[in-house]
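Participant: With numbering that gives the first Met the number 0, letter number 225 in the sequence shown gets 224, and the count goes up by one each step, no holes.
Idealized CB from N, CA, C, for every residue including glycine.
The structure's right below; bear with me while I get my questions together.
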Amino acid sequence: MTGIWLISLLFGGIGMLVSWQLKSKFNEYSQIGLANGLSGREVAEKMLQDNGIYDVRVLSVEGQLTDHYNPMDKTVNLSPDVYYGRSAAAAAVAAHECGHAVQHATAYSMLQFRSSLVPVLNIANNFTPMLLMIGVMIMYSTGSKLLLTIGVALFAVATIFSFITLPVEFDASNRAIKWMQQRNIVTPREHEMAKDALKWAALTYVVAAVGMLAQLLYYLNMLSGRRSND
C-alpha cells in the first residue's frame, strides 16, 4: 500500500500548490478595481438576464472560493469576496458560475451526463474508501478479490465523474470569458486577468482528475498483479 500513499501525497502536494497559486492570483487581481465598477453580484445578474434566465437567484454564501451553482434550487452562490467584489477576479468567478446556470438552462449534454452520475457518485463516496482498504486486506490474506474489485469499480465511477467535470468547467469558463468580452464587461487588461484566474481554477480540477486516474491505475495493477500470481 506504500504506492498508493506516495501517489496521494504527490498529487495532494501538487493540488495544494495549484490551490495556493489560485488564491494568490485571486488576491492579486482582487486589488485591481473593475473599470466599470460592477460588483460580482451585478455581473452575475447581468449575465443571467442577457441569456434570458430569470428564475435563478444570486446569493451570498460564507467562505472563500466557495462559489458554486446549485441546479437543485437554481441559485448562483457567491462568496463575499466575489459577491461584493468589484474586480476582474470577482467578475470572472461570478460569470463562470453563471456559465453553469446557462449550461443548465440550455440542457448542455455534458452537464446532464455529469448530473446523471451524481446518485452513483454519492454511493461511491460513502463506501469506496472502506471497500478498498478492507478489500486489499482480504485479497492479501485470503486471495479473494471480490470486495476489492467492487471497491475499484466504484472508484472508477468517481474517476470518470472527475474527468466529465473537466469539459463542464472549461465550457463554463469559455462562456464567461466570451460573454464578458462581447458585452464589454472587462477591458483588454482585465480580460487577461480574468482568463488567468479561471485558468488556475480549472487546473485544480485537472490535478484532481489526474490524481484519481493514477490511483485507479494503481489499484487495477494491484488486481492484475495478484491475478498473475494466483
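#1: Identify every run of the alpha helix (DSSP H) within the region 77-150, keeping only runs that are complete inside it and at least 4 residues long; order them along the chain.
#2: Quick check on this structure: which residue in L58, V60 and D170 has the alpha carbon closest to the alpha carbon of A106?
#3: Excluding the 5 residues preceding and the 5 following Q63 in the sequence, name in chain order all residues of the same chain whose CB lies nearer than 7 Å to its CB.
#4: Using the C-alpha atoms, what's the distance from A201 back to E168?
#5: Would a C-beta distance cut-off of 7 Å place A94 and M15 closer than the cut-off?
#6: Given a cut-off of 7 Å on the beta-carbon distance, is the pair K73 and D54 in contact?
#7: Is F160 near L116, with beta carbons less than 7 Å apart?
#8: What is the residue span of the alpha helix (DSSP H) that R40 lies within?
#9: Whole angstroms are fine: how far does the CA of V156 sit from the CA of I184?
#10: Taking only three categories from DSSP, how would you classify L232?
#11: Residues in its own chain within less than 7 Å of A193 by CB, not counting five upstream and five downstream?
#12: Does DSSP put Y68 in a helix, in a strand, or in coil?
#13: Which same chain residues end up closer than 6 Å to A123 when comparing Cβ atoms and leaving out the 5 residues on each side of it in sequence?
#14: Rank Q111, S140 and M221 by C-alpha distance to the C-alpha of G150 and give the top, closest one.
#15: Expressed to the nearest angstrom, what Euclidean distance is found between the alpha-carbon atoms of A100 and L47?
#16: Whole angstroms is fine: what's the gap from D229's alpha carbon to K144's?
#17: Taking the beta carbon of L147 as the centre, do at least 16 other beta carbons fall within 10 Å, making it buried, or is it exposed?
Facilitator: Reading from the atomic positions:
#1: 79-82, 87-104, 108-115 and 117-141
#2: D170
#3: S78 and D80
#4: Their Cα atoms are separated by approximately 7 Å.
#5: no
#6: yes
#7: Contact flag set, yes.
#8: G39 to D49
#9: 39 Å
#10: Past the boundaries of the shown model lies residue 232; the chain is included only from 0 to 229, so the question cannot be answered.
#11: A87, A90, A91, I176, M179 and V185
#12: strand
#13: L153, V156 and A157
#14: If we check each option's Cα against that of G150, M221 comes out closest.
#15: 8 Å
#16: Bear in mind that the predicted position of D229 carries a pLDDT of just 47, short of 50, making it too unreliable to give a figure here.
#17: buried
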